[in-house]
């Protein structure tokens, strides 16, 4: 049996059973069950899914001194995509012939490796994505972004991230799985989430410089048609791809992920 603390310290992911009872019986007497990770998190209030206008409202906060409301009621629509996935699958397991001759398992292009790579990518986009929204773990967020060397004022960053308005549990999942995602949330939260997403993706892939993400973040009014906003985010994503990949485009400006943290100090100063 696990203690409550042990359960809290572990990561759990929602899985969807893709076998019917009849199919399961046919597989074997061992009740082998095929399951698929499912990222379908949406913010709810009193058991009811919140509207996009309500989600956009979380961008507004009260001034600590006079209680004056500040911020803009806007949505951020993030679309992100795995770079060069086809190339990685077709060439990623190849090694130089001289090196191959030295290895006992020289042929690295095996079905098991392809399946493992595919499942691990899906684990990140489907499993991790839902978990990080449900938990809204501020300690993990502050710890992760606190590692960025280019952000000088770490205390200001910590105060900003601790604000109630920066809340990953207010992010609406339109789609997340395979090798891409589309998410909608309060616009400031989505800026922070995009940075956190890339950092965690880098950590998940052991900081492999050949495994990268590109993203586009569109900022729209809450009554703006979501389908149109997703198309705008898609255009920004394509801009990131065309300018070299491993980048994010927001406010019509494309920057490398490595440059993004440098802008955070100015962002925090304006806040």
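In the UniProt record's numbering, the protein residues as written are 1 to 271. Positions of the beta carbon are idealized from the N, C-alpha and C atoms, including for glycine.
To the nearest angstrom, report how far apart residue i and residue j are at their CA atoms.
| i | j | result |
| --- | --- | --- |
| residue 87 | residue 93 | 10 Å |
| residue 125 | residue 196 | 14 Å |
| residue 263 | residue 89 | 34 Å |
| residue 75 | residue 109 | 43 Å |
| residue 161 | residue 217 | 19 Å |
| residue 260 | residue 140 | 19 Å |
| residue 131 | residue 173 | 12 Å |
| residue 170 | residue 59 | 10 Å |
| residue 55 | residue 73 | 9 Å |
| residue 48 | residue 223 | 19 Å |
| residue 52 | residue 183 | 12 Å |
| residue 200 | residue 69 | 32 Å |
| residue 202 | residue 176 | 18 Å |
| residue 154 | residue 111 | 45 Å |
| residue 123 | residue 71 | 35 Å |
What does a CB cutoff of less than 6 Å around residue i pick up in its chain, not counting 5 residues either side in sequence?
| i | result |
| --- | --- |
| residue 80 | 181, 213, 215 |
| residue 211 | 205 |
| residue 29 | Low confidence applies to residue 29: its pLDDT is 48, below 50, so where it sits in the model is not reliable enough to give any reading. |
| residue 129 | 39, 176 |
| residue 220 | 75, 229 |
So what does DSSP say about residue i, is it helix, strand or coil?
| i | result |
| --- | --- |
| residue 191 | helix |
| residue 225 | coil |
| residue 204 | helix |
| residue 239 | helix |
| residue 252 | coil |
| residue 155 | helix |
| residue 72 | coil |
| residue 160 | helix |
| residue 245 | coil |
| residue 128 | helix |
Excluding sequence positions up to five away, which residues of its chain have a Cβ less than 7 Å from the Cβ of residue i?
| i | result |
| --- | --- |
| residue 82 | 121, 179, 180, 213 |
| residue 113 | 93 |
| residue 247 | 214, 240, 254, 255, 256, 257 |
| residue 194 | 78, 215, 217, 248 |
Using CA atoms only, rank isn't needed, just tell me which of the options is closest to residue i.
| i | options | result |
| --- | --- | --- |
| residue 251 | 71, 51, 78 | 78 |
| residue 185 | 158, 226, 70, 240 | 226 |
| residue 158 | 138, 175, 176, 177 | 138 |
| residue 258 | 221, 229, 219, 151 | 151 |
Could you name the residues of the same chain whose beta carbon sits closer than 8 Å to that of residue i, not counting the 5 residues immediately before and after it, in chain order?
| i | result |
| --- | --- |
| residue 245 | 83, 84, 212, 214 |
Beta carbon of residue i: closer than 7 Å to some heavy atom of the ligand PLP?
| i | result |
| --- | --- |
| residue 259 | The ligand PLP is absent from the structure shown, which contains no ligands of any kind. |
* Asked: Can at least three beta-carbon pairs, one atom from the region 141-148 and one from the region 40-50, be found at a separation below 8 Å?
  -> Using a Cβ-Cβ distance cut-off of 8 Å, the region 141-148 and the region 40-50 are not in contact, since fewer than three pairs of beta carbons, one from each stretch, lie closer than that value.
* **Cβ pair count under 8 Å reaching 3, the region 186-204 against the region 160-167** => They touch, by the three-pair rule.
* Say whether the region 227-239 touches the region 262-270, bearing in mind that this needs 3 or more beta-carbon pairs closer than 8 Å, one atom from each stretch. => With fewer than three CB-CB distances shorter than 8 Å, the region 227-239 does not count as touching the region 262-270.
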